[in-house]
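Read the structure below first, then the notes.
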Amino acid sequence: MAEILKGNVVANQIKEKMKQDIEELKKHGKTPTLAIVRLGDNPGDISYEKSIIKNCDNVGIKAVVYERNVDIKTEELIELIEELNKDDETSGILVFRPLPKHIDEEIIRNVISPEKDVDCMHPLNLERIFEGDMDGFAPCTPKAAMEILKYYDIPLEGKNVVVVNRSMVVGKPLAMMLLKENATVTICHSRTQNLHEITNKADVVVVALGKAKFFDEKYFNEDSIVIDVGVSLDENGKLSGDADFEKLSPMVDKITPVPGGVGSVTTSILLSQVVLACQNM
Ligand code: NAP
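For the sequence shown, the working numbering gives the first residue as 1, with consecutive numbering after it.
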């Protein structure tokens, strides 16, 4: 039976460290404050927002929601972000994505102050990751996957790690983080041929397709370590990862569950970056 790499213990460790840092900041009269910019009332955004606020309350971060109409003009959104950039009380800014279609994300990415960019939208912060500088803000999901690998002492140096995803929010930055740890990284995507042959030879496989239970026994062996970033609904409407957990957990060496794996660490990473932004102010 595989070792189940649960995310909650990783998240708790990050939260404990955060609480100490927040206590320290409060001694100096500073309260880490996250500005959440939400456009419209998409249920997914509202549920994510509630979970962020709950987590903020839990560790002592102030969260302020800036709700605007989904029809907001680009200029109005720029004005709001520029106000938050200047506001001394605001440590970090999170703009929910995807943005409505009429707003060019490229413009917004460049408006948010790189010093308050806790969700790593700004090209400058992404550039730092690609240059191998991991001390600033990082995209939260790949960083969460890295924190899980670190917490469970999974060796990466010289290991073959396959990432099945090439998006800018997951696969590409994750590949850079893995390279920084001296892993040998292969990125796969929808045009990759014989995917199972590549994943089968890897020491660690990170899957992030967004297709429930796509990966079965064919893709892995008994030494495989599977990090599942995918989140989607299966045929019964149940939250599922890309890996078929029921089939794989008796067979592989280690695996993250969904829910309860990478996703449960992501918000803690976001909040730790709010604390970092406040420390740097
Ligand atoms: P995305 O942009 O749609 O990327 C999906 C990737 O999977 C693409 O690189 C795509 O290849 C590849 N792919 C699709 N079908 C494939 C196939 N049959 N074989 C091999 N590769 C295939 O999605 P994303 O935004 O990166 O998110 C990916 C997943 O992660 C989603 O389930 C999302 O919900 C989840 N996610 C989770 C968290 C979390 O905190 N846990 C956060 C963000 C995202 P191409 O590039 O060739 O199209």
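Where a beta carbon is used, it is the ideal one built from N, C-alpha and C, also for glycine.
With distances taken Cα to Cα, identify the nearest neighbour of residue i among the options.
i, options, result
"residue 275", "16, 43 and 7", "16"
"residue 8", "270, 49, 272 and 264", "264"
"residue 179", "190, 129 and 194", "129"
"residue 10", "72, 150, 25 and 85", "150"
"residue 141", "202, 19, 281 and 272", "272"
"residue 72", "101, 46 and 132", "101"
"residue 3", "269, 249 and 268", "249"
"residue 99", "1, 70, 170 and 126", "70"
Please report the residue range of the beta strand (DSSP E) in which residue i lies.
i, result
"residue 21", "Per DSSP, residue 21 belongs to no beta strand (DSSP E); it is in the alpha helix (DSSP H), 8-27."
"residue 63", "62-68"
"residue 261", "Per DSSP, residue 261 belongs to no beta strand (DSSP E) and is neither H nor E."
"residue 95", "92-95"
"residue 156", "Premise fails: residue 156 is in no beta strand (DSSP E) and is neither H nor E."
"residue 38", "33-39"
"residue 226", "225-228"
"residue 186", "184-188"
"residue 205", "204-207"
Give the C-beta separation of residue i and residue j to the nearest angstrom, bearing in mind that I take them to be a contact with Cβ-Cβ under 8 Å.
i, j, result
"residue 239", "residue 258", "7 Å"
"residue 65", "residue 38", "6 Å"
"residue 260", "residue 230", "Not a contact, Cβ separation roughly 14 Å."
First and last residue of the alpha helix (DSSP H) that includes residue i?
i, result
"residue 170", "Neither: residue 170 is in no alpha helix (DSSP H) and is coded neither H nor E."
"residue 44", "43-59"
"residue 80", "74-86"
"residue 196", "195-201"
"residue 247", "245-248"
Report all residues from its chain with a CB closer than 6 Å to the CB of residue i; omit the five preceding and five following residues, and keep chain order.
i, result
"residue 68", "39"
"residue 111", "78 and 81"
Please confirm whether any heavy atom of the ligand MG lies closer than 6 Å to the CB of residue i.
i, result
"residue 68", "Although the ligand MG was asked about, the structure shown includes only the ligand NAP as ligands."
Excluding the 5 residues flanking residue i on each side, which residues of the same chain have their C-beta closer than 8 Å to its C-beta?
i, result
"residue 104", "74"
"residue 25", "31, 32, 275, 278 and 279"
"residue 212", "230, 232, 233, 234, 235, 240, 241 and 242"
Beta-carbon within less than 7 Å of residue i's beta-carbon, same chain only, minus the 5 sequence neighbours each way: which residues are those?
i, result
"residue 134", "177 and 180"
"residue 120", "126, 137, 138 and 139"
message: Does the stretch 77-93 come into contact with the stretch 30-37, if we say contact requires no fewer than three beta-carbon pairs (one atom in each stretch) closer than 8 Å?
response: Flag = yes, the stretch 77-93 and the stretch 30-37 touch.
query: Okay, do the stretch 241-248 and the stretch 205-218 touch, 3+ Cβ pairs below 8 Å being the bar?
result: Yes, the stretch 241-248 is in contact with the stretch 205-218.
message: Pairs of beta-carbons, one from the stretch 142-160 and one from the stretch 196-207, closer than 8 Å: are there three or more?
response: Judged by Cβ distances under 8 Å, the stretch 142-160 makes contact with the stretch 196-207, as three or more pairs qualify.
query: Pairing CB atoms from the stretch 74-87 with CB atoms from the stretch 50-60, are three or more of them under 8 Å?
result: Because the criterion of three Cβ pairs below 8 Å is not met, the stretch 74-87 and the stretch 50-60 do not touch.
- prompt: So, do the stretch 181-191 and the stretch 158-166 have three or more beta carbon pairs nearer to each other than 8 Å?
  reply: The answer is yes - the stretch 158-166 touches the stretch 181-191, with three or more Cβ pairs under 8 Å.
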